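For what it's worth, my numbering labels the leading residue of the sequence shown as 87, then goes sequentially.
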Amino acid sequence: MRSRLAHPRLVAGAAAALLLASQAGCPDTEVPSLAGPDGTTRTCTADELEAFRAASDADERTDLWVAFVDVGQGDATWIRTPGIVDVNAKDILVDAGDSGEAPRTFAPDGDEALVDFMESSGWGPGRRVDYLVVTHTDIDHYGGAERILEDYQVETYIDPGRDAPDQSTYQRLLGAVAAEPGITVLRPAAETGIDPAVPGATTSQGWGRDVTVRLVSANQFASSDNDSSVVLMVEYRGVRLLLTGDTEFSLEEKLLREGANLSANVLKAGHHGARETNSAAFLDAVFPNDDGYRYAVISSGQRDNLPFADTVERLLDAVGMDGLYRTDRDDAGKSQREAPGDDHILMRVTEDGELTLCYAFPD
Numbered sequence: 087m088r089s090r091l092a093h094p095r096l097v098a099g100a101a102a103a104l105l106l107a108s109q110a111g112c113p114d115t116e117v118p119s120l121a122g123p124d125g126t127t128r129t130c131t132a133d134e135l136e137a138f139r140a141a142s143d144a145d146e147r148t149d150l151w152v153a154f155v156d157v158g159q160g161d162a163t164w165i166r167t168p169g170i171v172d173v174n175a176k177d178i179l180v181d182a183g184d185s186g187e188a189p190r191t192f193a194p195d196g197d198e199a200l201v202d203f204m205e206s207s208g209w210g211p212g213r214r215v216d217y218l219v220v221t222h223t224d225i226d227h228y229g230g231a232e233r234i235l236e237d238y239q240v241e242t243y244i245d246p247g248r249d250a251p252d253q254s255t256y257q258r259l260l261g262a263v264a265a266e267p268g269i270t271v272l273r274p275a276a277e278t279g280i281d282p283a284v285p286g287a288t289t290s291q292g293w294g295r296d297v298t299v300r301l302v303s304a305n306q307f308a309s310s311d312n313d314s315s316v317v318l319m320v321e322y323r324g325v326r327l328l329l330t331g332d333t334e335f336s337l338e339e340k341l342l343r344e345g346a347n348l349s350a351n352v353l354k355a356g357h358h359g360a361r362e363t364n365s366a367a368f369l370d371a372v373f374p375n376d377d378g379y380r381y382a383v384i385s386s387g388q389r390d391n392l393p394f395a396d397t398v399e400r401l402l403d404a405v406g407m408d409g410l411y412r413t414d415r416d417d418a419g420k421s422q423r424e425a426p427g428d429d430h431i432l433m434r435v436t437e438d439g440e441l442t443l444c445y446a447f448p449d
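Quick look at the structure:
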């Protein structure tokens, strides 16, 4: 296990969070605007920050928590499900950012930002990660996964099964997975399913109490790495979260043709909000009703044309100004190394089915 300097706890940022929340709007609101004029795109309160951290020490959890971790350019989503800890409450990572390993890198400190955030939230190295999902073979999604295997106790590993023989770093990750004692490997996910207890099951209720997870797509034979992405729908108390990896127009169109149930309340926007993603037809299927919760999260960092302006406009049309959250809000002028770590987004669903999102500002 690697040794690192101790990091301040998430709750230590509560005072800063309250200060920012009291200010009009949000910091660094470049065009397109990132918050509504009434400040409804919001900063977490001290109570919310403490409640998120308390999930690390609790014997039992009642809420579903999701952290869209700011790993710069890349994806890392930490899901903490309700239930009794070490029994049916689960900690899940869907992607793990970029390790910054040459020759191809987008966020040199993405994995460091992820582990720092988890540690500052009370879930430090040595704790358990019940599911580690690598959505596909882009390094800004899988680059930090080897670090997670090294630092945490990973129980189950899932990916779409695409081999990527030309990517030495991905092959090394697969070697690290194979060498992990006692780990359950579910790949290719479309064949193995996503429930270790039920071979081939593409819907599971083993990811947390009263939580249902459905495998929407995972195609090792897709025409592109991006469209091989593991796509998951997570549901708790009637609130649905759609995680799309790097899904592009072609996979969106395929899912629409096949009549996939895509209706959700929160969308992790495909491919960091790139040009050929999040089509109007796809967003209509994700958000079919005008009533109810409608949020979208863009996970991206310092990279040209991500997110793409037209895609941002489509997302704004779908969820409104107060429904769009981004991990790149204040990355303008920063290097790729400086971008990660300052725009984590927390999502919470209570036992009563109440959904909230907010920006966390840890020190």
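For every residue, glycine included, the Cβ atom is placed at its ideal position computed from N, Cα and C. Just so we're clear, the structure is a prediction, and the values are computed from it rather than from any experiment.
{"query": "Leu-150 and Leu-179 closer than 8 Å at C-beta", "result": "no"}
{"query": "Through-space distance from Leu-272 to Ala-175, alpha-carbon basis", "result": "20 Å"}
{"query": "contact_flag[the stretch 335-349, the stretch 367-374] where n(CB pairs < 8 Å) is 3 or more", "result": "yes"}
{"query": "Enclosing beta strand (DSSP E) for Ala-36 [first to last residue]", "result": "Nothing about residue 36 can be read from this structure; the chain reaches only from 87 to 449."}
{"query": "Gly-230 vs Ala-162 beta-carbon contact at 8 Å", "result": "yes"}
{"query": "Proximity test, Glu-266 beta-carbon vs the ligand SAH heavy atom, cut-off 7 Å", "result": "This structure lacks the ligand SAH, and indeed carries no ligand of any kind."}
{"query": "Terminal residues of the alpha helix (DSSP H) in which Thr-397 lies", "result": "395-405"}
{"query": "Option nearest Arg-361 by Cα separation, candidates Arg-343, Asn-391, Leu-432 and Glu-338", "result": "Asn-391"}
{"query": "Contacting residues, own chain, Cβ-Cβ under 6 Å from Gln-388 (five flanking each side not counted)", "result": "Asp-417, Lys-420, Gln-422 and Ala-425"}
{"query": "Host beta strand (DSSP E) of Gln-69 (start-end)", "result": "In the structure as shown, the chain starts at 87 and stops at 449, and residue 69 therefore has no counterpart that could be examined."}
{"query": "8 Å Cβ cutoff met for Ala-275 and Gly-247", "result": "yes"}
{"query": "Cα-Cα separation between Met-433 and Arg-415, rounded to whole angstroms", "result": "17 Å"}
{"query": "Alpha carbon of Gly-196 to alpha carbon of Gly-158, nearest angstrom", "result": "6 Å"}
{"query": "Nearest-angstrom beta carbon gap, Thr-363 and Thr-397 [assumed within contact, 8 Å]", "result": "6 Å"}
{"query": "Delimiting residues of the alpha helix (DSSP H) encompassing Leu-259", "result": "254-265"}
{"query": "Neighbour flag for Arg-326 against chain B, beta carbons, 8 Å", "result": "Looking for chain B here will not work: only one protein chain is present."}
{"query": "Residue closest to Gly-169, alpha-carbon to alpha-carbon, out of Asp-296, Tyr-256 and Gly-210", "result": "Asp-296"}
{"query": "Endpoints, the beta strand (DSSP E) within which Glu-321 is located", "result": "317-322"}
{"query": "Local conformation of Ser-303 per DSSP, three classes", "result": "strand"}
{"query": "Exposure of Ser-310, with buried meaning 16 or more beta-carbon neighbours within 10 Å", "result": "exposed"}
{"query": "Limits of the beta strand (DSSP E) - the one that Lys-354 falls within", "result": "352-354"}
{"query": "Close beta carbons around Asp-403, own chain, < 8 Å, minus the five adjacent residues each side", "result": "Ala-366 and Leu-369"}
{"query": "7 Å Cβ shell around Ser-207 - same chain, five flanking residues per side excluded", "result": "Leu-96, Phe-138, Arg-139 and Ser-142"}
{"query": "Beta strand (DSSP E) segment containing Leu-348, residue limits", "result": "Neither: Leu-348 is in no beta strand (DSSP E) and is coded neither H nor E."}
{"query": "Pairwise C-alpha distance: Ala-182 and Leu-401", "result": "24 Å"}
{"query": "Exposure of Ser-290, with buried meaning 16 or more beta-carbon neighbours within 10 Å", "result": "buried"}
{"query": "Close beta carbons around Glu-440, own chain, < 7 Å, minus the five adjacent residues each side", "result": "none"}
{"query": "Straight-line Cα distance separating Gly-292 from Val-435", "result": "18 Å"}
{"query": "Rounded separation between Thr-413 and Val-155 - CA only", "result": "8 Å"}
{"query": "Burial state of Asp-184, where buried means 16 or more other Cβ atoms lie within 10 Å", "result": "buried"}
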